[in-house]
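Take a look at the structure below.
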Amino acid sequence: MDSLVPYYSDSDSSPELCSEDHDQPPTKSARVEELITASSPPLVLSSSDGESDDPSLERRQTNSSADEGDSPDPSEIPPQLCETASSSSKSTVKAKAYAIKFTELPGEMRIFLKAVEKFFTRAVNLERQTPPLKNSTYSKAQERMLAFLGFLHANLRIQLTPEVFLRPSVLEKYLDYLQAVRKCSPATVANHASSLLYPVKFLHREHAPNYHNIPVIRQIRTQATILQREGDLQRPKSKEELAAANRWLEWEEIVQACSLQRDYFEMAVNGSEKVRECGNLVVLAMYVFIPPSRGLEIRTLQIERDWKNFTPEKSKGKNLVLLQESSQVTLHFDNYKTQKHYGHEQILLKGDTELCKILVEYVNKHRPKLLSENSGQTLLLVRST
């Protein structure tokens with residue numbers, strides 16, 4: 001069969017919805033050496049979060065089905081990347097960020113959301129009566145909460161207090177907005193709805209862990225399930241259906257896209273343009289040369305320079321780019337969906353590989369121009385220069 005790679009999917013998993021068990025996806029380290037050395041590897045990737053008739057597609061589809069770190073929906077796309085992202089999104093609406101920033105929330109709401117996070121993520125919580133959520137899982141859910149609050153603030157001009165999460169009419173308007181205006185898939189809308197359950201559950205935490213007989217929770221769960229089932233029915237089931245829906249790309253097209261982006265970078269004249277094109281090249285190269293990967297793994301990468309004193313234990317719960325004196329780069333992944341099954345992932349990029357060269361140049365030459373006081377060691381920065 002032809003080798004294909006996808007557009008990013010706009011659907012992701014939900015802690016509230018059950019899905020069928022699938023074969024475990026291949027590890028990154030099992031595929032990366034083949035991909036960074038071969039000129040045209042037989043890569044099969046899917047943007048669908050469902051099943052395929054082809055077993056080889058099913059493995060990749062299972063891995064690319066969205067989760068807590070999946071590709072962003074338009075509410076989360078940084079303004080600097082909106083134009084690029086919108087060209088490959090299924091939505092016919094030009095991507096525009098509408099989520100409100102956490103720092104822009106009223107003080108009462110900030111305190112409330114911090115309390116919600118603590119309730120669901122702290123290791124010991126007798127009141128919760130269930131295992132804690134992974135920080136990455138809650139982080140993705142909070143992104144959707146901020147999208148919801150941003151919609152209320154910008155579109156409905158509603159005062160942002162914790163009680164807004166308990167208003168069914170407001171929740172309905174937001175879910176309608178996602179479908180009618182943002183053109184989100186039913187599965188994506190289902191995941192937004194499920195993420196809003198966290199603050200609602202916190203407000204009714206005395207009914208944990210099952211939250212029986214809470215009307216708003218029952219309504220949200222039911223609506224999310226309906227949307228998820230609708231998404232299952234709409235999901236393409238074969239390669240031909242995916243190709244017809246413009247959700248697959250031939251591997252040759254990806255190779256061409258990488259080559260074209262490198263041309264954009266090399267032809268850039270002024271400083272800000274050079275920085276932007278290099279950043280775009282890094283993002284594209286990371287996704288192409290390190291499958292299977294999700295948005296979480298790439299966007300949370302942190303730079304680590306102290307390679308002499310570095311041990312894998314220092315990367316616990318993190319995703320790191322370890323820069324070595326020999327111009328080699330080692331990628332450490334310890335925060336991803338299947339981490340509990342596969343454990344710590346370590347990928348060595350030798351100095352003569354394309355991705356290693358791109359990363360080193362970006363980190364040493366172009367990233368410093370994007371730094372701000374809040375940048376920290378985050379690898380990918382998109383601040384306007």
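So for the sequence shown, full-length UniProt numbering puts the first residue at 1; every next one is plus one.
Glycine included, C-beta positions come from ideal geometry on N, C-alpha and C.
Excluding the 5 residues flanking it on each side, Arg-144 has same chain C-beta neighbours closer than 6 Å at His-192 and Ser-195, in chain order. Bounds of the beta strand (DSSP E) holding Glu-250 are 248 to 250. Phe-333 sits in a strand when the DSSP states are folded into three classes. Check the Cα spacing between Pro-199 and each of Arg-367, Pro-215 and Val-164: the tightest is with Val-164. Taking C-beta separations shorter than 6 Å and ignoring five residues to either side along the sequence, the partners of Leu-133 in its chain run Phe-120 and Thr-121, following chain order.
Exclusion of the five residues before and after Cys-278 leaves Phe-265, Tyr-362 and His-366 as the residues of its chain whose Cβ lies within less than 6 Å of its Cβ.
Under the three-state reduction of DSSP, Thr-103 is assigned to helix.
In this structure, Ala-243 lies away from Glu-354, with their beta-carbon atoms at least 8 Å apart. For the set Leu-113, Gln-159 and Thr-130, the Cα lying nearest the Cα of Leu-203 is the one of Leu-113. Within the stretch 209 to 293, the complete alpha helix (DSSP H) segments at least 4 residues long are 215 to 234, 239 to 244, 251 to 267 and 271 to 289, listed from N- to C-terminus.
Separation of Gly-295 and Leu-320 (C-alpha to C-alpha, rounded to the nearest whole angstrom) is 14 Å. Exposed is the label assigned to Ser-372, since fewer than 16 other Cβ atoms lie within 10 Å of its Cβ. In the DSSP assignment, Val-200 falls within the unbroken alpha helix (DSSP H) covering 197 to 203. Cβ-Cβ separation between Val-282 and Leu-380: approximately 7 Å, consistent with a contact (criterion under 8 Å). Apart from sequence neighbours up to five positions away, the residues of its chain that approach Ala-115 with a beta-carbon distance below 8 Å are Phe-202, ordered along the chain. Residue Thr-188 holds the alpha-carbon nearest to the alpha-carbon of Arg-235 among Arg-218, Thr-188, Cys-258 and Tyr-177. Residue environment: Lys-239 is assigned as buried (16 or more neighbouring CB atoms within 10 Å of its CB, all protein chains considered). Under DSSP, Glu-304 takes part in a beta bridge, and its partners are Leu-322.
Between Arg-218 and Pro-168, the alpha-carbon positions lie close to 11 Å from each other. If you draw a straight line from the Cα of His-212 to the Cα of Gln-328, it is about 55 Å long. Pairing Phe-333 with Glu-253, the inter-Cα distance amounts to about 28 Å. In the three-state reduction of the DSSP assignment, Gln-339 falls in the helix class. Annotated three-state conformation of Ile-111 is helix, per DSSP.
For Leu-133, DSSP assigns no beta-bridge partner whatsoever. In this structure, DSSP gives Gln-142 a helical state, which the three-state scheme calls helix.
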